[in-house]
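Colleague: Here my numbering is used: the first residue of the sequence shown is 865, the next is one more, and so on.
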Amino acid sequence: MSDITTSSINRDDIQAVKDYLLELQDHICCTLEAFEPEIRFQEDAWERENGGGGRTRVIAGGNVFEKGGVNFSHVMGDTLPPSATADRPELAGGRFEAMGVSLVIHPNNPYVPTSHANVRLFIVHKKGMEPVWWFGGGFDLTPYYGFEEDCIQWHQTAFDACQPFGEEYYDKFKAWCDEYFFLKHRGEPRGIGGLFFDDFDAMGFEDSFALMKSIGSAYIEAYKPIVAKRKDIPFTERERDFQLHRRGRYVEFNLVFDRGTHFGLQSGAGRTESILMSLPPEVKWGYGYQAPANSEEAKLTDYYLTNRNWLNRAL
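#1: Would C1200 pass as a contact of Y1033 if the rule is Cβ separation under 8 Å?
#2: Buried or exposed: where does Y1168 fall if 16 or more other Cβ atoms within 10 Å of its Cβ makes it buried?
#3: I'd like to confirm the pairing. Which residues does DSSP put opposite V976 in its beta bridges?
#4: What's the gap between the Cα of P977 and the Cα of K991?
#5: Three Cβ pairs or more, each shorter than 8 Å: is that satisfied between the region 957-973 and the region 930-945?
#6: Can you list, in chain order, the residues of its chain with a C-beta nearer than 8 Å to that of G918? Leave out the 5 residues immediately preceding and following it.
#7: Which same chain residues, not among the five before or five after K1077, have their C-beta less than 7 Å away from its C-beta?
#8: Let me confirm a value: H1019 is counted as buried when at least 16 other C-beta atoms fall within 10 Å, else exposed. Which label applies?
#9: Whose C-beta lies closer than 8 Å to the C-beta of K882 among residues of the same chain, with five residues either side of it excluded?
#10: Assuming I1084 and T895 form a contact by the criterion Cβ under 8 Å, report the distance between their Cβ atoms to the nearest whole angstrom.
#11: Would you list the residues sitting across from D1004 in a DSSP beta bridge?
#12: Quick check: what's the CA-CA separation for S1081 versus V965?
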């Protein structure tokens, strides 16, 4: 990844990304709504005085989805926050423009994993410099009760999304995802991973945008069949209790480590309700809670959350 992009960007480029992101939000919402014939995403359109804004869409109280949000935002600000300049100090003091689709889905059934996806474009305007841009995003899966075939299919879809752009990108983005979605204070991954990339401009604007689109569009293709297979599995209060305790790990990551959450809250350009939409509606923190040894619950951390090579490829 270069420190400063060498490929120019114009308003037509930016509009093309915005058009894609709005279409992506529509497509994902329609696909998820097909599982919930009686409820729909509720849309909350919002604007900022500086011209930024977004569309927050939330679904709640469904038979399949306890809570989910699929958000589009396009925000601007006069000063980059510390979370955006920590790795790129040369951009400090620049104005920024950021747009993206970000989503988190929390199903009712503990046998259906929580899923997360995000794709975004970031642009910095600083006096004396050409506009600096980069893409980022990815998708990851957080199961409570694992199924090998689901993990393999999830990662195969991720591999297929990256493959047209170079053999190395799946390996690189998978490793980045495993490293990023890791709870350092717990010493464990958040889930089984997927893809994560940031500060990406390596192929010039057109091809970098194409890679971002491929990854963004692959998310729902990876998640839809898992939901369809697992949503009707019977479960008891034991599985539900385990799900609520594991959701606590999700909350810890989003509030302590997630760059997007930190950027949105620090920049003042985002919208707090939309930023914190990713948090589940119900969660537990039991002091000293541990799954019983050799149980199906313990298998999650003992087997599935171990940075596995699900495609049995040389990484």
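Glycine included, C-beta positions come from ideal geometry on N, C-alpha and C.
This one's a predicted model, so the numbers in the text were calculated from it and none came from an experiment.
Modeller: A quick look at the data gives this:
#1: Missing from the structure shown is residue 1200; the chain here goes from 865 to 1179 and no further.
#2: Flag for Y1168 reads buried.
#3: When beta bridges are read from the DSSP output, V976 appears opposite no residue.
#4: So the two alpha carbons sit approximately 45 Å from each other.
#5: Yes: at least three Cβ pairs fall under 8 Å.
#6: Cβ within range, chain order: A909, W910, N935, F936, S937, H938, V939, R1135 and S1138.
#7: The beta carbon of K1077 sits closer than 7 Å to the beta carbons of Y884 from its chain, once the five residues preceding and following it are set aside; these are given in chain order.
#8: With 16 or more other Cβ atoms within 10 Å, it is buried.
#9: Closer than 8 Å at Cβ, skipping near neighbours: H938 and M963.
#10: About 5 Å separates the two Cβ atoms, so the contact holds.
#11: Note: D1004 sits in a beta bridge opposite H980 and G1058.
#12: Our two residues, S1081 and V965, have alpha carbons roughly 11 Å apart in a direct line.
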